[in-house]
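Undergrad:
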Amino acid sequence: MDKYTIDENLGLDALAERIIVHRKDSDESYTLSKMELMDMTTTAVAYQEYLPLMKLSYERVASYIDIFTSVEHKISATYINLVSEYFPMGNLDKYLRKLRQTKTPLDNQLIDVWFAQILDGLMYLWSQNILHRNLKPDCIYLRGENNEQNCSVIIGDMIPPSVAYDVRMRTRLPRRALSYTAPEILESGEYSIQSDIYSFGSTLLDMTTCDIL
């Protein structure tokens with residue numbers, strides 16, 4: 049954390065505490081995701097599992113800039129910290145909530161474009177033998193300026209096995225997150241390309257029904 053200056057704390061969501069930071073040697077903003085895990089062993093394993101994600105380079109996948117661990121001894125908490133691209137326009141969940149408030153449908157042409165972009169990102173991950181394990185609207189980010197409809201979408205917040213199976217992490221998941229989770233995950237805990245596809249389909253359902261649900 050010594051390399052970064054905190055600009056704004058966005059608060060805690062189901063996955064992590066989100067903090068906008070910038071490097072002390074640069075003005076560029078990033079998002080720091082601070083995830084509390086069960087213990088030091090789990091955190092050490094998660095660190096090794098996240099390292100391959102730093103090598104990903106694709107326009108439809110959020111890039112990771114840095115990764116490090118930290119400990120807060122006073123509360124016996126261990127964290128994995130991920131520094132990634134910052135998206136000022138927010139995520140798909142935020143935009144869909146905005147549309148639901150006014151019962152406004154998402155433009156069909158935009159659905160087609162974003163559908164293709166999300167699938168493109170997933171297929172890239174699968175080609176690298178990486179599962180997402182966490183796909184849902186709040187893990188799909190809008191890249192662009194001024195207007196959501198002018199944005200492209202980027203998938204982020206992929207999680208490795210150690211995080212997906214972490215007991216502390218699972219207890220923080222809101223009930224709503226289960227609607228994006230494939231039934232076989234709840235039964236056997238086995239993640240696969242098929243479980244990613246289920247999450248993708250649930251996300252598409254959200255996109256096509258935001259004016260009625």
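Last residue of the sequence shown: 261 (this note's numbering), numbering continuous.
No residue lacks a Cβ here, since even glycine has one placed at the ideal position from N, Cα and C.
For E84, is the classification buried or exposed, using 16 other Cβ atoms within 10 angstroms of its Cβ as the cut-off for buried?
TA: The residue in question, E84, is buried, as its Cβ has 16 or more Cβ neighbours within 10 Å.
Undergrad: Look up Y134 in the DSSP assignment and say whether it is helix, strand or coil.
TA: Correct three-state label for Y134: coil.
Undergrad: Counting Cβ pairs closer than 8 Å, one from the stretch 125-134 and one from the stretch 164-173, do we hit at least three?
TA: Taking 8 Å as the limit for Cβ pairs, the verdict is that the stretch 164-173 does not touch the stretch 125-134.
Undergrad: How about I115 and Y95: do their beta carbons lie closer than 9 Å?
TA: Yes. Within cutoff.
Undergrad: Can you name, in chain order, every residue of its own chain whose Cβ lies under 7 Å from the Cβ of R71, other than the five neighbours on each side?
TA: Counting only Cβ-Cβ distances below 7 Å, and skipping sequence neighbours, we find K51, Y52.
Undergrad: So, I202 versus V109, is the Cβ gap smaller than 9 Å?
TA: Contact: yes.
Undergrad: In its own chain, which residues sit with a C-beta less than 6 Å from the C-beta of K82, not counting the 5 before and 5 after it?
TA: Taken in chain order, the residues that qualify are A64, E65, Y127, N129.
Undergrad: Output the boundary residues of the beta strand (DSSP E) element that contains K142.
TA: From DSSP, K142 is part of no beta strand (DSSP E) but of the alpha helix (DSSP H) over 140-149.
Undergrad: To which residues does DSSP link S81 through a beta bridge?
TA: DSSP, once it has assigned bridges, lists R66, L130 as partnering S81.
Undergrad: Do the stretch 72-81 and the stretch 89-104 touch if we need at least three Cβ pairs shorter than 8 Å?
TA: The answer is no - the stretch 89-104 does not touch the stretch 72-81, with fewer than three Cβ pairs under 8 Å.
Undergrad: Along the alpha helix (DSSP H) that carries N156, what are the first and last residues, could you check?
TA: 156-175 is the span of the alpha helix (DSSP H), which, as asked, contains N156.
Undergrad: Identify which residue in R224, M206, M255 has its Cα closest to the Cα of Y239.
TA: Minimum Cα distance to Y239 is reached at M206.
Undergrad: Is DSSP giving D259 helix, strand or coil here?
TA: Coil, per DSSP.
Undergrad: Is L140 near T256, with beta carbons less than 9 Å apart?
TA: The answer is no: Cβ separation not under 9 Å.
Undergrad: How about Y189 and G204: do their beta carbons lie closer than 9 Å?
TA: For Y189 and G204, yes; Cβs fall inside 9 Å.
Undergrad: Rounded to a whole number of angstroms, what is the C-alpha to C-alpha distance between L147 and C258?
TA: Near 7 Å, if we compare the C-alpha coordinates of C258 and L147.
Undergrad: Just to confirm, does I207 get its C-beta within under 8 Å of one of the non-hydrogen atoms of the ligand MG?
TA: For the structure depicted, the ligand MG is absent and the ligand set is empty, with no information on it obtainable.
Undergrad: For the alpha helix (DSSP H) containing Y228, list its first residue and its last residue.
TA: Segment: none, Y228 is in no alpha helix (DSSP H) and carries neither H nor E.
Undergrad: Quick one: what does DSSP say S247 is sitting in, helix, strand or coil?
TA: S247: helix per DSSP, three-state reduction.
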